[in-house]
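Encoded as structure tokens, the structure appears first; notes follow it.
In my numbering, the protein residues as written are 107 to 362.
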């Protein structure tokens, strides 16, 4: 079996044209896919974290990647069209500010041999045992999930691929898409610290290639102040609080 994990913030980057990929209709999850969502939400509940709602766009993106991996014979977060998870989610209509992805593959000589390795329980336990995958499943920032599975014969036997896409929809628990102030691929307490250091007049320079905290830049198609995560036109302590609340799945106070 193979497992991988990936996470990335959705910034103000143009989505690839929707025509680049087919758009299967996302319906209510059932069977093993629904069971995996149930297991993940039960896992989150045991850790005091709110449940994830099933999202049609994320479900379609996850189902597409699983089917593509099966059809093209690869195992990667980069699909056969060259897209990363955040691009794929956008192409399927997901408007969120953060996307994480976990994938799983099981193979064998026949469907009967693979079946025990490709159940929702087997996938969940594999992800739970992996620190990176477990961190995504337990990330309080995520509010929505989509799961897709594809099984069938391949050139080297029978294979099953699973994909779970995690995201934050706009208007839910996430702050603005530019909350990742240090451009490290995640919104963390370190981003809140950058805001506080800037307000206190202390050095707050992020890594090279990332806008300076407090500077004017472009995000989500508009001119913004890098660090004004609640979008009220100024940087203050509320922005740092917004980032910290975001990490535990709480709404951003005063966000538009």
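Cβ coordinates follow ideal geometry from the N, Cα and C atoms, glycine included. Bear in mind that the values here come from a model prediction, so they are computed numbers and not experimental data.
Under a 10 Å Cβ-count criterion, residue 150 is classified as buried, with 16 or more other Cβ atoms of the shown protein chains found around its own Cβ. In summary, residue 339 is exposed, with fewer than 16 beta-carbon neighbours lying within 10 Å of its beta-carbon over all protein chains present. Excluding sequence positions up to five before and after residue 234, its CB lies within less than 6 Å of the CB of 240, all in the same chain and listed in chain order. Distance from the CA of residue 243 to the CA of residue 146, rounded to the nearest whole angstrom, comes to 7 Å. With fewer than 16 other CB atoms across the displayed protein chains lying within 10 angstroms of its CB, residue 180 is exposed.
Here residue 152 is exposed. Its C-beta has fewer than 16 other C-beta atoms within 10 Å. Within the same chain, and ignoring the five residues on either side of residue 225 in sequence, the residues whose Cβ sits closer than 7 Å to its Cβ are 138.
When the five nearest sequence neighbours on each side are left out, the beta carbons in the same chain lying within less than 6 Å of the beta carbon of residue 269 are those of 168, 171, 172, 209, 254, in order along the chain. From the listed residues 190, 256, 252, 261, the smallest Cα separation to residue 140 is found for 252. Counting every other CB atom within 10 Å of its CB across the protein chains shown gives residue 337 a total of 16 or more, marking it as buried. Pairwise C-beta distances place the segment 152-161 out of contact with the segment 182-190, as fewer than three of them are shorter than 8 Å. Per DSSP, the beta-bridge partners of residue 272 are 206, 251. In this structure the segment 199-206 does not touch the segment 294-311; the number of beta carbon pairs closer than 8 Å is below three. If you draw a straight line from the Cα of residue 198 to the Cα of residue 162, it is about 9 Å long. Rounded to whole angstroms, the gap between the alpha carbons of residue 274 and residue 248 is 5 Å.
Assignment of residue 141 by DSSP, reduced to helix, strand and coil, places it in the helix class. Within its own chain, the residues whose Cβ lies closer than 8 Å to the Cβ of residue 264, once the five positions on either side in sequence are excluded, are 213, 214, 215, 216, 217, 219, 220, 257, 258, listed in chain order. Residue burial annotation: residue 191 is buried, with at least 16 other C-beta atoms found within 10 angstroms of its C-beta.
Under the criterion of beta carbons closer than 8 Å, residue 176 and residue 260 qualify as touching, at roughly 7 Å. By DSSP's assignment, residue 213 forms a beta bridge with 265.
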